[in-house]
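Number of protein chains: 2
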Amino acid sequence: MSKMPMKRLSLLLLLQLTCHFSGGSCGKVLVWPVEFSHWMNIKTILDELVTRGHEVTVLISSASTIPNSSKPSTMKFETFPVSLTKSDYENFIERLLEEWTYAAKDSFWSYLSTVKSLFWEFFDTALSMCKDAVSNNKLMTELQESRFDILIADAVGPCGELLAELLKIPFVYSHYTSPGHIIERNSGRLHFPPSYVPVMISELSDRMTFMERVKNMFYTLYFDLFFTTYNEKKWNQFYSEVLGKTTTLSETMGKAEMWLIRSYWDISFPRPLLPNVEFVGGLHCKPAKPLPKEMEEFVQSSGENGIVVFSLGSMVSNMSEDRAEVIASAFAQIPQKVLWRYDGKKPDNLGPNTRLYKWLPQNDLLGHPKTKAFITHGGTNGIYEAIYHGVPMVGLPLFAEQPDNINRVKAKGAAVRLDLETMSKTDFLNALKQVINNPSYKRNAMWLSTIQRDQPIKPLDRAVFWIEFVMRHKGAKYLRPAAHNLTWFQYHSLDVIGFLLACVAAAVFVITKCFLFCCRKFAETGMKRKRE
Amino acid sequence: MSKMPMKRLSLLLLLQLTCHFSGGSCGKVLVWPVEFSHWMNIKTILDELVTRGHEVTVLISSASTIPNSSKPSTMKFETFPVSLTKSDYENFIERLLEEWTYAAKDSFWSYLSTVKSLFWEFFDTALSMCKDAVSNNKLMTELQESRFDILIADAVGPCGELLAELLKIPFVYSHYTSPGHIIERNSGRLHFPPSYVPVMISELSDRMTFMERVKNMFYTLYFDLFFTTYNEKKWNQFYSEVLGKTTTLSETMGKAEMWLIRSYWDISFPRPLLPNVEFVGGLHCKPAKPLPKEMEEFVQSSGENGIVVFSLGSMVSNMSEDRAEVIASAFAQIPQKVLWRYDGKKPDNLGPNTRLYKWLPQNDLLGHPKTKAFITHGGTNGIYEAIYHGVPMVGLPLFAEQPDNINRVKAKGAAVRLDLETMSKTDFLNALKQVINNPSYKRNAMWLSTIQRDQPIKPLDRAVFWIEFVMRHKGAKYLRPAAHNLTWFQYHSLDVIGFLLACVAAAVFVITKCFLFCCRKFAETGMKRKRE
Chain A
37 MSKMPMKRLS LLLLLQLTCH FSGGSCGKVL VWPVEFSHWM NIKTILDELV TRGHEVTVLI
97 SSASTIPNSS KPSTMKFETF PVSLTKSDYE NFIERLLEEW TYAAKDSFWS YLSTVKSLFW
157 EFFDTALSMC KDAVSNNKLM TELQESRFDI LIADAVGPCG ELLAELLKIP FVYSHYTSPG
217 HIIERNSGRL HFPPSYVPVM ISELSDRMTF MERVKNMFYT LYFDLFFTTY NEKKWNQFYS
277 EVLGKTTTLS ETMGKAEMWL IRSYWDISFP RPLLPNVEFV GGLHCKPAKP LPKEMEEFVQ
337 SSGENGIVVF SLGSMVSNMS EDRAEVIASA FAQIPQKVLW RYDGKKPDNL GPNTRLYKWL
397 PQNDLLGHPK TKAFITHGGT NGIYEAIYHG VPMVGLPLFA EQPDNINRVK AKGAAVRLDL
457 ETMSKTDFLN ALKQVINNPS YKRNAMWLST IQRDQPIKPL DRAVFWIEFV MRHKGAKYLR
517 PAAHNLTWFQ YHSLDVIGFL LACVAAAVFV ITKCFLFCCR KFAETGMKRK RE
Chain B
37 MSKMPMKRLS LLLLLQLTCH FSGGSCGKVL VWPVEFSHWM NIKTILDELV TRGHEVTVLI
97 SSASTIPNSS KPSTMKFETF PVSLTKSDYE NFIERLLEEW TYAAKDSFWS YLSTVKSLFW
157 EFFDTALSMC KDAVSNNKLM TELQESRFDI LIADAVGPCG ELLAELLKIP FVYSHYTSPG
217 HIIERNSGRL HFPPSYVPVM ISELSDRMTF MERVKNMFYT LYFDLFFTTY NEKKWNQFYS
277 EVLGKTTTLS ETMGKAEMWL IRSYWDISFP RPLLPNVEFV GGLHCKPAKP LPKEMEEFVQ
337 SSGENGIVVF SLGSMVSNMS EDRAEVIASA FAQIPQKVLW RYDGKKPDNL GPNTRLYKWL
397 PQNDLLGHPK TKAFITHGGT NGIYEAIYHG VPMVGLPLFA EQPDNINRVK AKGAAVRLDL
457 ETMSKTDFLN ALKQVINNPS YKRNAMWLST IQRDQPIKPL DRAVFWIEFV MRHKGAKYLR
517 PAAHNLTWFQ YHSLDVIGFL LACVAAAVFV ITKCFLFCCR KFAETGMKRK RE
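Protein chains in written order, with the working numbering: chain A, 37 to 568; chain B, 37 to 568.
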C-alpha cells in the first residue's frame, strides 16, 4: 500500500463520512460556468456540493474574470488557454453591457435589434472559447480520464452540453431566464400563452391590458421567428462537426437532465412548467452575519429612522457625476443613514448621513433590523437577498433582466421603479419616502419573504438533491417530456391537422360528387318522364 | 375557570405541542370527500393532519358507503340527510361501474358516449346530494359557526368548492385525473399538446404513432367540445343561484389554492403543469408490516419460488365462475404460492398452491421479500403500492382510469396487460411467467420504486405542507395563474390575433388602394400624353 500523509487520509475519511451522512454518493463534478453574478449564484451550489464531500472541478478560460478571491481552495480550477486576453474580454463585456444599458432608451424595434446583435456578439465570443476548449486535446484527454459523474453548466453560456456529450456524462443546467424564453424552451418545447405570460425583456406583468397583450404577442412572434436563427446556425454546424452527426444546439441542450431555474413564484408570475424544471430562486439567501464594527456603529447611529442600502451590483460601482450629485443631494434630505456602494468621485452634495463604500456586505446589511429600503439595479441575486429579508426596494434598472425584475417586484407592490438617467432629485426623494413610509411596501416585501422562506424544502437543498439524484442514477430521464422526440410540425400536430383537413376535404368532395350525381340522375329521370 | 377533566386537558396540551413541533399552526379542517378508493387516499392525508394536531371534520351524506371501520375516532364525522338511501346509492355506483366495465368492450364512439352518460348520471346524483347539503340550514349554520380554516375536497365530486365559497374559507383539492383532463384544467386552463400528452381514457402512451396522434387529437377535440356542456349547465345554474351571482362550476373550482394530484412521474408521462399543482402520488405508501402468522407461514412455504398476490381492488371481490376457473387452473400450474382476494364460489380447479381470502393486507404482502408479482385491476392506490415495493404486475383493468394506469406501467416495462373477460388460461399463464421470470420486469419495477422513493421530500409531507401553508397564510394565491382572469378568447389571444389580422387587412387594403390609385393616375397621365 502506498504511503499517504495522515492529514490527507483523515480529510478523505471526513469527505466519505460527509457523503455518507448527506445521503448521496460522493461524486466528481465538472462545471462550465458563466462569470460575473452568474458565477456567484452557481458558486453557492458548488460550495454546498463540496461541503457534502463531492469533488468539484471548474473549467475556466485564460480570459476568465473570476477574481482569485472568489476561487475557493476546496475546488479545482482548470484553466484552458483562449485567444482572447483577460482585458480584451473584460472590455468586451463592459462594452456589451454599456450598449445594452444605452439601448434601453431606444425605440421598441431598435432596442430589440440591438439586443439581438449583442446576444449574437456574446454568443460568437462564447463559440470561439468553446472551440478553444474542445480542440484542446490535452484538456479533453485530461477530462476524459477524470471520469466525471456530472457536468453543471449555466444555460446562458453554451458549450457545457457539448462537453457533456463528448465526455458521455449527464448534465444539469443552472439558468435564470432569456429574452422570449428561447433558452429555457429547450427544456421541452413548452410555449407559454402570450395572453398572460409576459415575454422576458417586455417589462410587462401577467395582468395585461389589450394593447399590452398585443405588444406581448409581437414580442412572442419576434423571438419565435427572428431571434436566434442566424447565430444558431453557427452553433449547429460546430456541434454537428464535433459530434460527427447532424445535430443542433437546441437538440443538445434538450438533453439536460434538469433545469435549476434561479427564480421562484415570489417574483416570477405563475406560468406553465415541465417536470424537469425546478425553481430554486434565492438558493444563495442566508441569514445576515454581524457587520464590521465601524459599520455597525454607523448603522446603530441611525436610531429609529434606520438605514438605506444602495448598490448597483457587482458589475457597476460607478455612474456619471451629475447622477451622483442628484442622488447624494436627495440622500442628504432623508432622516435615514445611507450606505452607498460607490467607487467614483465623492459627490459635493454628499450629506453627513451618507457614507460611501467600495464594497458592501450586502446580505448582512439587508438582513439588519435597521434596514428600511434597498436601492438596487435589479440584479437577480440582490433582489432575492432583499426579498429574503423583506426589504422594500427602489429600482434603478440598467440592462438585461433588471427592468423586468424591478417591474415584477413593483407588480407585487414591494418596489418603486425609476430611471437612473432621467430621474430628478424630487422623483428619487419621493420614491424613497414612499417605500420607507408607506407601510404597504414593507408589508408586501414581508409577504414575498414569507413565500421565499416558507417552502417544503430549501431551494439550495432542492438544487443539490437533483444534482445528487442525477449522479446517483446517472440521469433523470423519466422527467424528460416526450416532446423532444417530435419534429416541430409533429409537436404542433400540424401533420395531424393537415390529415384531418384532407379527410374533411375528401369527404366534402365525395358527398358533393354524390349529391351532384344524384341531382343529375334525378334531373335525367325527370326529363325522361317528361319526354315519356 | 371552568372545570376540565384532566385527561381532556392533557390531550389538548399534547395536541398543541404536536402542532408546535410540526411547525404548522393548529387548524380546523373540513372535508368533502369522494368515497371508495378516493376516501382511502384522502384519509391518509387526514390521518397525518390529525397526528399533527389539527381538528378534522368529515362531511358525509346519510347514503355514505364509508364503513364504520374506516372512520377513525380521531376525526368528527358530520352526517347530513339526503333523499337517496345507502343501498340505493350502493346499487347506483355498482351499476355505474358495471356499465363502464362493459362499455370498455364497445367501439370507440359508443364507449365515449357511454362514459359521457355515466359521468352525467354520477354528477346528477352528486348535484342532488350537494343541494341537500347546501339547503340544510341547520348544517350550514353549524358549519359557519365552526369557523373552519380550510376545506379539503376531492375534485371529482363537486360541491366542496361551493361550501368553501359559502363559508368563505380557502380550499385545496385532492385529485387523480379525469377524461380529457377536463377537471384538472380548472387549475389554470392549461391545454396539453395532443402530440405527446395522451388524453386520459385514450389508453395511449406519450410516444405515439401518427395514427395514435390522430386518435389522441380526436379525443382532445371530443372532450374539449362535447363532454361537459350539458351537465355543467345544471351546475352553473345551481352555483349561480346559491351564490347570488352569475358564476360557473369551473370558475368556482378555479379558486382552489392548490391541487394535490395523486400521481407522480413514475407512472405519469412528463407533461406541462402549473405551480399550483403538486404531484403527490403514492402518499399512502409505507413499509410493510409483518403478516398474520398463518399467512406468513403460507408465504414462507413458497421457498425460492416466492408468491403471487392477486386482488381486483376494494370494489370488486368477485367475478364470473368461468373466469375464476381459468385463473385458478393457471395458478395451479405455477411453482409460486398464490394469495387471491376472492369472495365468490371456490373454483373447482383451485390448486393446492392457491389460497382464497376475503381480504388481504395488500401493502404488507407487496412489501414482502417473497412477492414476485401482483395481479391487479390497475386502481391507482394498488398500483402505487406495487411501485413503492418494486413489484412487477399483470394488469386486468376493468373501468375508469384502470386501463390507462396499466398501459402506463406497461409502457415503463413493469407490467403485462390482459383482458379479464377474453384471456385464455395460456395467455394468463404466459403473462405471469413473463413478469416473474423475465428480469427486465423486476428491474423496471425497481426503477419505478426508486423514482417514487428518491424524492427531496415525501409526497405525504408535501401534501400536508401545502394544506398547512394555506391554513397559515389563508391561501396561496401567489401560485394562481393569471389565466383565471381571462375569458377563453382572451386566453387564446383570439382578440389580439383578430386585431392583428384586421390591421394587416387594413394595411393591405390601404396599400392596394394606393397602388390602384397610382396605377390609375399613371394610366390617366399616359392617356393624356397620348392624346396630346
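Don't be surprised by glycine CBs; every beta carbon is placed ideally from N, CA and C.
In this text, all values refer to a predicted model and were calculated from it rather than measured experimentally.
Cβ of residue i within 7 Å of any chain B Cβ
| i | result |
| --- | --- |
| D260 of chain A | no |
| Y232 of chain A | yes |
| M563 of chain A | no |
| E560 of chain A | no |
| Y527 of chain A | yes |
| M42 of chain A | Confidence at M42 of chain A is low in this model, with a pLDDT of 48, below 50, so its placement is unreliable and no value can be given for it. |
Given residue i as reference, the closest of the options once Cα atoms are compared
| i | options | result |
| --- | --- | --- |
| V118 of chain A | A:V170, A:T150, A:L132 | A:V170 |
| S241 of chain B | B:F535, B:N443, B:F505 | B:N443 |
| G380 of chain B | B:T115, B:H404, B:M355, B:I370 | B:M355 |
| I96 of chain B | B:E135, B:W68, B:S73 | B:W68 |
| L202 of chain B | B:T213, B:Q180, B:E126 | B:Q180 |
| W295 of chain B | B:L309, B:V65, B:G216, B:S304 | B:L309 |
| V374 of chain B | B:P517, B:S164, B:F334, B:D497 | B:F334 |
| I81 of chain B | B:L148, B:N312, B:W502 | B:W502 |
| P194 of chain B | B:K204, B:S182, B:N222 | B:N222 |
| G449 of chain B | B:A436, B:H320, B:N474, B:F346 | B:N474 |
| R225 of chain B | A:I219, A:Y232, A:T93 | A:Y232 |
| R88 of chain B | B:K64, B:S106, B:N104, B:I102 | B:K64 |
Beta-ladder partner(s) of residue i, from DSSP
| i | result |
| --- | --- |
| I186 of chain A | A:V65 |
| E114 of chain A | A:L95 |
| T412 of chain B | B:S347, B:G431 |
| Y255 of chain A | DSSP lists no partner for Y255 of chain A. |
| A451 of chain A | A:M429 |
Check whether residue i and residue j have beta carbons under 7 Å apart
| i | j | result |
| --- | --- | --- |
| W145 of chain A | N267 of chain A | no |
| V70 of chain A | V192 of chain A | yes |
| A451 of chain B | M482 of chain B | no |
| F10 of chain A | L187 of chain A | Lying before the first or after the last residue shown, residue 10 of chain A is absent from chain A, which here runs from 37 to 568. |
| A349 of chain A | Q488 of chain A | According to the sequence displayed, residue 349 of chain A carries Gly and not Ala. No. |
| L85 of chain B | F184 of chain B | no |
| R591 of chain A | V532 of chain B | In the structure as shown, chain A starts at 37 and stops at 568, and residue 591 of chain A therefore has no counterpart that could be examined. |
Extent of the continuous alpha helix (DSSP H) to which residue i belongs
| i | result |
| --- | --- |
| R498 of chain A | 495-509 |
| R489 of chain B | 475-489 |
| F228 of chain B | Note, F228 of chain B: premise wrong, no alpha helix (DSSP H); not H, not E. |
| M294 of chain B | Per DSSP, M294 of chain B belongs to no alpha helix (DSSP H); it is in the beta strand (DSSP E), 294-297. |
| L537 of chain A | 530-567 |
| F367 of chain B | 357-367 |
Opening and closing residue of the beta strand (DSSP E) in which residue i lies
| i | result |
| --- | --- |
| V192 of chain B | V192 of chain B -> no beta strand (DSSP E), and no H or E assigned at all. |
| R377 of chain A | 373-377 |
| F636 of chain B | Any answer about residue 636 of chain B is impossible in this case: the structure gives chain B only from 37 up to 568. |
Within-7 Å CB hit, residue i to chain A
| i | result |
| --- | --- |
| M253 of chain B | yes |
| Y209 of chain B | no |
| L537 of chain B | no |
| Q470 of chain B | no |
| I487 of chain B | yes |
| R221 of chain B | no |
| C554 of chain B | no |
| R453 of chain B | no |
| P308 of chain B | yes |
| W68 of chain B | no |
| D13 of chain B | What the structure shows of chain B is the stretch from 37 to 568, and residue 13 of chain B is not part of that stretch, so it cannot be assessed. |
| R479 of chain B | no |
| P517 of chain B | yes |
Residue i beta carbon near the ligand HEM (any heavy atom closer than 6 Å)
| i | result |
| --- | --- |
| T150 of chain A | Ligands are entirely absent from the displayed structure, and the ligand HEM is therefore not among its contents. |
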